[in-house]
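The numbering used here applies: residue -12 is where the sequence shown begins, and numbers increase by one.
Glycine is no exception: its CB is placed at the ideal position from the N, C-alpha and C atoms.
Remember, it's a predicted structure, so these values are computed and weren't measured experimentally.
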Amino acid sequence: MGNTTPPSAPRDLTRRIARADQDKQRRRGRLDDCYRLAMPWRHLTDRHQDDPTAQDDVFDGTAVVSVKDFAGDLLSTFTPPSATWMRLEPDQGLGDAALRELEGPLEEIEATVMEAMAASNLYEALQVGYADLAVGTMALLVQDIDPTEPIHVEAISVSDLLVDRGPYGRVDGRWRKFKLRADEVPILWPDANTFSLPKTGEAEVDVTDGLYRDLTRRDDEVWKYAVLSGGKALVQRELVGEGACPIIVARWDTDAKTAWGHGPLMSVLPEVKTANYVTERMLEALDYALQPVTSYPDDGVIDVSGGIAPGTWIPMAQGSEIRPIVSGANFDVSQFSLQDLRSRIRDALFQDAPRQNGLTPPTATQWQEQAAAKAKRMGAPVGRLVTELLRPLFLRFAFLLRARGKLPAQIRFKGQPVKLRAQSPLLKAMQQSEAQRVDQFLVTTSQTVGPETTAMWIDMEEALRYRAKLYDIPAKLVRTQAQVQQIIAQQQALQAPPVEPQ
């Protein structure tokens, strides 16, 4: 709690936060447009309450539906709840014997982490975060709020998020700026100095909490964490170690001039705006067609200075006939343009599966071509998502589980600590194209010069081991060189002619 006024926020920290806020303000218009038209139920920047009328301005739901499908696709592609989407490998160049010995302990760690993820609310938070990734940037807060409960994951709203780009292009500063009741501060941060906060618990206070990477420390991964309110530092901590950072930020595509990502939805924001506008105008034209403006005779003259609305009766000069005023709007042209806009929106969000035109369904070739094109377009962001999302998530859960005592502090081989690295099977799957290239080479060579000449020029044992590595075959399934030599010796002994008795 604290009985004295907390210290002022460090100047370097406030400078970083101000820089991050300026960066966000420069992109606020486009961010708000994306959320207003594709996720109208979400908060906009600097708004802390829902706007129940926000969805009234959305007339075309293509972007809304496509973003939800996009988030679902990413969840099933990158982080499927029923699969092990990250694996551990030794960082050192260890031999086959070491890999065999370590395989069991590594699988136990993987299983423990994946079980903790399944028990937590990670996948619900990822579904929300992946929708943010359609705009360009997503953020998750992963923390251990109670040792008796599963690890807690929260998707940070982009309206609250502030990010700062570091010297190497990474997101080195990450904060959330939001409002809290004063009595919630000691619950979220038991060690906070709340002396300067209002004594009335219901009073709301502005809070900024987050951290930045201390790049002056080269010996380990170090983050400077702080909680600020009213220019005072209520909490200051130093978080050390791989996985110590509780806020995970990932971007779809990057720009060298900003920390914010650029997502597929932002790329088609003009199409989203135009489709919404065209649909609104079409609905207005339909309203006029169903309830036409009608004129009738009157002693005066026509007066439309106040505008006209569907179903309106307008007085005309005496002697005029009663007749509807027909609109000249062309529905066919609007519909053609709208379908083209909707198609481009779906394509940008990877919802471009072959569609049935008429009675003929899409062919298998069309499905294969679409899958290949989709994989090619998704290729660039895959590596970034592994680096900024999948690996940090896995390491964060492992860090918290070690703090709970459910994972060993270190993995050792022959008494020496083994440094581990997390690898995504998704990237491993992309290596299969290299494996197929090797397979094709071996087959072509064998067909050209024959198996005997191929075996003479190519080390088939090393070729098989290389293919097993590319296909991500477990080390325990591939025999060691010593085992192979032993089997060869046994076969030779069986084939040797029996020794005749003297």
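CA-to-CA distance, residue j to residue i, given in whole angstroms
| i | j | result |
| --- | --- | --- |
| Asp207 | Arg383 | 15 Å |
| Arg452 | Ala(-4) | 57 Å |
| Arg17 | Arg329 | 19 Å |
| Gln42 | Pro77 | 51 Å |
| Ala272 | Gln326 | 17 Å |
| Ser324 | Glu258 | 11 Å |
| Gln338 | Gly123 | 17 Å |
| Val471 | Leu372 | 40 Å |
| Pro177 | Ala469 | 58 Å |
| Asp60 | Glu111 | 14 Å |
| Gly218 | Leu226 | 22 Å |
| Asp(-1) | Val150 | 15 Å |
| Thr374 | Met73 | 12 Å |
| Gln490 | Gly248 | Look at the range of the chain in this structure, -12 to 489, and you will see that residue 490 is not part of it. |
| Pro(-7) | Arg2 | 19 Å |
| Pro379 | Ala121 | 20 Å |
| Ser495 | Arg331 | Missing from the structure shown is residue 495; the chain here goes from -12 to 489 and no further. |
| Asp20 | Met26 | 10 Å |
| Ala142 | Gln278 | 46 Å |
| Asp240 | Val369 | 10 Å |
| Gln473 | Glu448 | 15 Å |
| Arg14 | Leu113 | 24 Å |
| Ile475 | Gly437 | 23 Å |
| Trp444 | Pro92 | 39 Å |
| Leu394 | Pro233 | 18 Å |
| Thr435 | Gln427 | 12 Å |
| Glu439 | Thr467 | 24 Å |
Three-state secondary structure (DSSP) of residue i
| i | result |
| --- | --- |
| Glu258 | helix |
| Met125 | strand |
| Ile398 | strand |
| Arg204 | coil |
| Thr195 | strand |
| Trp300 | strand |
| Lys166 | strand |
| Leu184 | coil |
| Val436 | helix |
| Gln278 | coil |
| Ile474 | helix |
| Val45 | coil |
| Gln326 | helix |
| Pro77 | strand |
| Ser69 | coil |
| Gln338 | coil |
| Glu189 | coil |
| Ala243 | coil |
| Ser(-5) | strand |
| Ile132 | coil |
| Arg466 | coil |
Proximal residues to residue i (C-beta, below 8 Å), its chain only, five neighbours per side dropped
| i | result |
| --- | --- |
| Ala422 | Arg454, Leu457 and Tyr458 |
| Ser433 | Thr441 |
| Val158 | Val150, Asp151, Arg152, Val236, Arg238, Ala246 and Glu375 |
| Val425 | Ala450, Tyr453, Arg454 and Leu457 |
In DSSP terms, what residue i is bridged to
| i | result |
| --- | --- |
| Trp28 | Beta-bridge pairing links Trp28 to no other residue. |
| Leu148 | Arg163 |
| Glu225 | Lys211 |
| Ala142 | Leu127 |
| Ala220 | Leu215 |
| Ile234 | Leu128 |
| Val158 | Arg152 |
Close Cβ partners of residue i (< 6 Å) along its chain, the five nearest in sequence each way excluded
| i | result |
| --- | --- |
| Ala169 | Leu184, Pro185, Gly188, Ala190 and Val192 |
| His30 | Ser144 and Ser146 |
| Asp56 | Gln338 |
| Val51 | Ala25 |
Sequence-distant residues of its chain with Cβ nearer than 7 Å to residue i (five each side left out)
| i | result |
| --- | --- |
| Gly179 | Before going on, a small fix: residue 179 reads as Ala here, not Gly. Cβ neighbours of Ala179 beyond the five flanking positions: Val172, Pro173, Val214, Leu221 and Val222. |
| Leu109 | Val140 |
| Arg389 | Ala396 |
| Gly230 | Leu382, Arg383, Ala385 and Phe386 |
| Asp201 | Val209, Trp210 and Lys211 |
| Ser53 | Ile332, Arg333, Leu336 and Gln338 |
| Pro134 | Arg391 |
Residue i Cβ short of 7 Å to the ligand PLP heavy atom set
| i | result |
| --- | --- |
| Gly197 | The model depicted lacks the ligand PLP and carries no ligand whatsoever. |
Residue-chain proximity (residue i, chain B), Cβ-Cβ < 8 Å
| i | result |
| --- | --- |
| Val369 | Reference to chain B is not applicable here, since this structure consists of a single protein chain. |
Checklist entry - Counting Cβ pairs closer than 8 Å, one from the stretch 258 to 270 and one from the stretch 42 to 56, do we hit at least three? => result yes
Next on the checklist: I'd like to know if the stretch 100 to 116 and the stretch 152 to 170 are in contact, where contact means that at least 3 CB-CB pairs between them fall below 8 Å.
Outcome noted: no
Next on the checklist: Can you confirm whether the stretch 157 to 164 touches the stretch 187 to 198 when touching is taken to mean that 3 or more C-beta pairs between the two stretches lie within less than 8 Å?
Outcome noted: yes
Checklist entry - Quick check: the stretch 61 to 73 against the stretch 104 to 119, are there 3 or more CB pairs under 8 Å? => result yes
Checklist entry - Just checking, does the stretch 133 to 147 make contact with the stretch 207 to 218 on the three C-beta pairs under 8 Å criterion? => result no
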